[in-house]
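First comes the structure, then the notes that go with it.
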DNA sequence: CTGAAAGCGCTTACAG
DNA sequence: CTGAAAGCGCTTACAG
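Chains as they are written, first to last, in our numbering: chain A, 16 to 347; chain B, 16 to 347.
Have a look at this one:
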C-alpha cells in the first residue's frame, strides 16, 4: 500500500490537516512543525495523491487536447506548444486522437469530461460539430486551434489564412505570373476554405484567367498532393504557378515533380502554406507561408488557463496570428 | 454544480448503491430498476465522475507516455499506436515531453505518479536513468519503447537495430560496394549504439577498409545529418555508400546532396534507418530499414495493459520487432 | 435484488 | 498556529 498523508501525520506527530497545510505551502505553519513534517515526507517518500485532492478541490490540473492525428508535424508542434505552456503552470495534458472522425471526436470529448479535465483544446475534425458548443455550455472551457467550428461561441486561436494566401498569390501576380493552379482541401475544414478564398480573391483582382481544371481539392495529404498535381500537369495547358494548401500537398506535388521532371513547365513555381526546405532542394523555387506553430499552441493553452482560472467573464475571442512569408531558391 | 450519483438516485427513487451498480453494468439488478435508473441518467445527463471512482478503486484507467519530443514523426507514430491500443480498452494517455532532458524526464515521472497513472510508457532520453527502475520498483508498471536503459529490469519493446543495420550493410557489400561512410547518433542513445555496432560488424566482415573520418556521430537530427554529410564529402576520398542512423540524418544528408550535386560521387548510395520516399525523389538510390512503428506503440501498450491487469508475475521481457528492408530508385 | 454505511486520501471552514 | 470533523462522489462488503 502506498504512503498517505495519514502515515506522514503519524510519523511527524501532527494532524493530517497540518501535513496538508505544509504540503500546500500554507504560510501560517510554524517553522518547527514544517520541518518535522518535511522530514517525515522525505523519510517516507510521500507524494500527494492528486486524485483525492481533485475530488475535494474540483480541479484536476489536467486538460484534454484533441487532435485529428498524431503523425502530423503541424498538429504535434501545436501540441508541443500547448504542453510547454501547461507545464509552466503544472498542468498535464491528455492527448486524444480523433482520427478525423466526428464520431470518435464526440466520444472522446465525453471521456474527457468524465476525467474531469479542467478544460479542452480542440483541433476540430470538421466545422460541423455542435457537440463542442454543448460541452462549452456545460461549463468546461474550450479553446479551438487552427480550425473553426460553425456556431461555436468560444475562443479560438487561428492564423490569417485568407490574407496570407491572398498576399502570397498577389506577390506572384506582381512579379508577372498569370498562369495559376490551386491544390486545396475539403470544404468542411475551415483552413481549406479560407486559403482558397484568399487565392480566389487575389486571382480575381489580377484579371488572370484560371482554368477550372487547374483548381483541385483533396485531403491535405501527400497522396492527394501528388494525384492532383498530376491531374493539373496533365491538362492541355498546365499552369506554372501552383498554390498549395498545406505541407503535405506540397510534399506530394514535389514527389510528382521529382519523378516527372519533363512533364512540368521549366518556369514552375510553388506557393505553399507551411514551411519546408524540400522545395529548394528539389530545385523548385517557392514562396512559403510559415505558421507560428508553437505560438499557436502556447496561445491556446494560455487562453484556456485564463478561462480555467475564473476569467470566464471576458468576451470570447477569435484570435488570428500572423504568418510570415519565406522564399526559397529565388534568384536575386 | 454537476449532477452526481445522488441526484440520479433521488430521481429514480433508489439508493446510490443501486445507481452505481446500474452504471457499472452489475448483472444482478432487476430489469425494472435498471430502466428506471437509466431513464434518470438520461434525464439528468449524468456522467460518472472518474476521479471519485478512481479514489475508491485505486485505478485511474490512465497511463503516461513520456517522449523526448513531439515534432518527431517516429515518436508520434509510436504514440499513435499506443493511443490506439489504449482506446480499445477505454484507457487514456497523458502525453509528456521530456525535451531530451534527464531532469525533465525525472520530474515528469514524479508528476505522473502523483496523477496515479496505472502505468507508464517511456521512450527514454538517455540510457542513464536509474530513477526509471526506481519507479518500476515502486510498483508502477513501466514499459520502455525504442530505447533501452541500463540496469532496467522491466519490459521493453525495441527493434532489431543491430541485425537490421548489419543485414542492410552486408547486402551492399555483396553488391560490390566497399567504400563506406556512417552517420550515427550519440552513445547515450541505445539505438545509436546498436546501429553502429551492426554497421561495424558488417564492414569488418567484408574486409573493406573504412577511413575513421568517414564515421561521424551527431544528434540524429536534420542539422547534424547535413553537417556530417558535408564533413564526410569534404574528405580527400569521400565514400559513395553512406549508412545513416535515422530519418532526420537522412533528411539532412539529402539536403546536402540537393544543394551540392557536384560535390558528391555519381555512384552515391544511401542506407538509412526509417522510411522516406524523398531519397528516390532527389534521385539518390537507397536501401531503407522500415520500422514497424505503430506496432511498436501497440505492443508497448499491450504489454503495459497486461502488467496493469495483474500479470506482474510473468518474466520481464525485451522484445525486438523485425524491421523490413525497402529499396528506392534501384534499377533492375 | 437492494440498501445503509464505511471508506478511498485529501482539503478547509470552524473553533480554539 | 493547529486539530477535529465534515465532505468531495464514488464503490462494495455486508446484511437482509
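Note that the Cβ used here is the ideal one computed from N, Cα and C, for glycine as well. In this text, all values refer to a predicted model and were calculated from it rather than measured experimentally.
Three-state secondary structure assigned by DSSP to residue 276 (chain B): helix
7 Å is my cut-off, CB to CB: does residue 128 (chain A) come that close to chain B? yes
Considering only the beta carbon of each residue, do residue 100 (chain A) and residue 316 (chain A) sit closer than 7 Å? yes
Measuring CB to CB, does residue 262 (chain A) end up less than 7 Å from residue 289 (chain A)? yes
Please compile the residues from chain B whose C-beta is within a distance smaller than 7 Å of the C-beta of residue 138 (chain A). Near residue 138 (chain A) there are no residues of chain B at all, since even the closest Cβ is about 14 Å away, more than 7 Å.
Identify the contact partners of residue 1 (chain B) in chain A, using a Cβ-Cβ distance below 8 Å as the criterion. Since the first residue of chain B shown is 16 and the last is 347, residue 1 (chain B) is not available in this structure.
Indicate the three-state DSSP secondary structure (helix, strand or coil) for residue 209 (chain A) in the structure shown. helix
Starting from residue 339 (chain A), trace the beta strand (DSSP E) in both directions and tell me its first and last residue. 339 to 343
Compute the Euclidean distance between the alpha carbons of residue 19 (chain A) and residue 64 (chain A), then round it to the nearest angstrom. 8 Å
At least one CB of chain A closer than 7 Å to the CB of residue 95 (chain B): is that the case? yes
With DSSP as the reference, identify every bridge partner of residue 301 (chain A), one or two as the case may be. A:285 and A:343
Going by DSSP, what residue range makes up the alpha helix (DSSP H) through residue 101 (chain A)? 88 to 103
Continuous beta strand (DSSP E) stretch holding residue 82 (chain A): start and end: 77 to 82
Measuring only between beta-carbons, confirm whether residue 248 (chain B) sits less than 7 Å from chain A. no
Interface flag, residue 66 (chain A) vs chain B, CB-CB below 7 Å: yes
At which residues does the beta strand (DSSP E) containing residue 58 (chain A) begin and terminate? Where residue 58 (chain A) is concerned, there is no enclosing beta strand (DSSP E), although the alpha helix (DSSP H) it sits in stretches over 46 to 59.
Endpoints, alpha helix (DSSP H) assigned at residue 335 (chain B): No alpha helix (DSSP H) contains residue 335 (chain B), which is instead part of the beta strand (DSSP E) from 333 to 336.
Could you tell me the alpha carbon to alpha carbon distance between residue 347 (chain B) and residue 320 (chain A), rounded to whole angstroms? Below a pLDDT of 50, predicted positions are generally treated as unreliable, and residue 347 (chain B), at 38, falls in that range; the measurement from the model is reported next regardless. Straight-line Cα distance between these residues: approximately 59 Å.
Candidates A:51, A:144 and A:132: which alpha carbon is nearest residue 66 (chain A)'s? A:132
At a CB-CB cut-off below 8 Å, which residues of chain B make contact with residue 131 (chain A)? 64, 65 and 66
So, residue 137 (chain B) versus residue 97 (chain B), is the Cβ gap smaller than 7 Å? no
Report buried or exposed for residue 329 (chain B), applying the criterion of at least 16 other Cβ atoms within 10 angstroms of its Cβ. exposed
Out of B:166, B:239 and B:337, which has the shortest C-alpha to C-alpha gap to residue 172 (chain B)? B:337
When you compare only the Cα positions, how much space is there between residue 90 (chain B) and residue 45 (chain B)? 49 Å
In chain A, which residues lie with their C-beta within 7 Å of the C-beta of residue 296 (chain B)? 269, 270, 273, 274 and 297
For residue 33 (chain B), count neighbouring Cβ atoms within 10 angstroms of its own Cβ and tell me buried if that reaches 16, exposed if not. buried
Per DSSP, cross-strand counterpart(s) of residue 183 (chain A): Looking at the DSSP assignment, residue 183 (chain A) forms no beta bridge with any residue, so it has no partner.
Alpha-carbon to alpha-carbon, residue 115 (chain A) and residue 350 (chain B): With chain B represented from 16 up to 347, any question about residue 350 (chain B) goes unanswered, as that position is not in the structure.
Classification of residue 231 (chain B) by the beta-carbon crowding that lies within 10 angstroms, buried from 16 upward: buried
So is the beta-carbon of residue 270 (chain A) under 6 Å away from any non-hydrogen atom of the ligand NAD? Ligands in the displayed structure: none, and consequently the ligand NAD is not present.
Is the shortest distance between the beta-carbon of residue 347 (chain B) and the beta-carbons of chain A less than 7 Å? Confidence at residue 347 (chain B) is low in this model, with a pLDDT of 38, below 50, so the placement of that residue should be treated as unreliable; the coordinate-derived value is given next. Not an interface residue.
Which of the three DSSP states, helix, strand or coil, is assigned to residue 176 (chain A)? helix
Can a CB atom of chain A be found closer than 7 Å to the CB of residue 107 (chain B)? yes
Could you spell out where the beta strand (DSSP E) holding residue 196 (chain B) opens and where it closes? 195 to 199
Using the rule of at least 16 other Cβ atoms within 10 Å of the residue's Cβ for burial, across every protein chain shown, is residue 306 (chain A) buried or exposed? buried
Is the CB of residue 88 (chain A) under 7 Å away from at least one CB in chain B? yes
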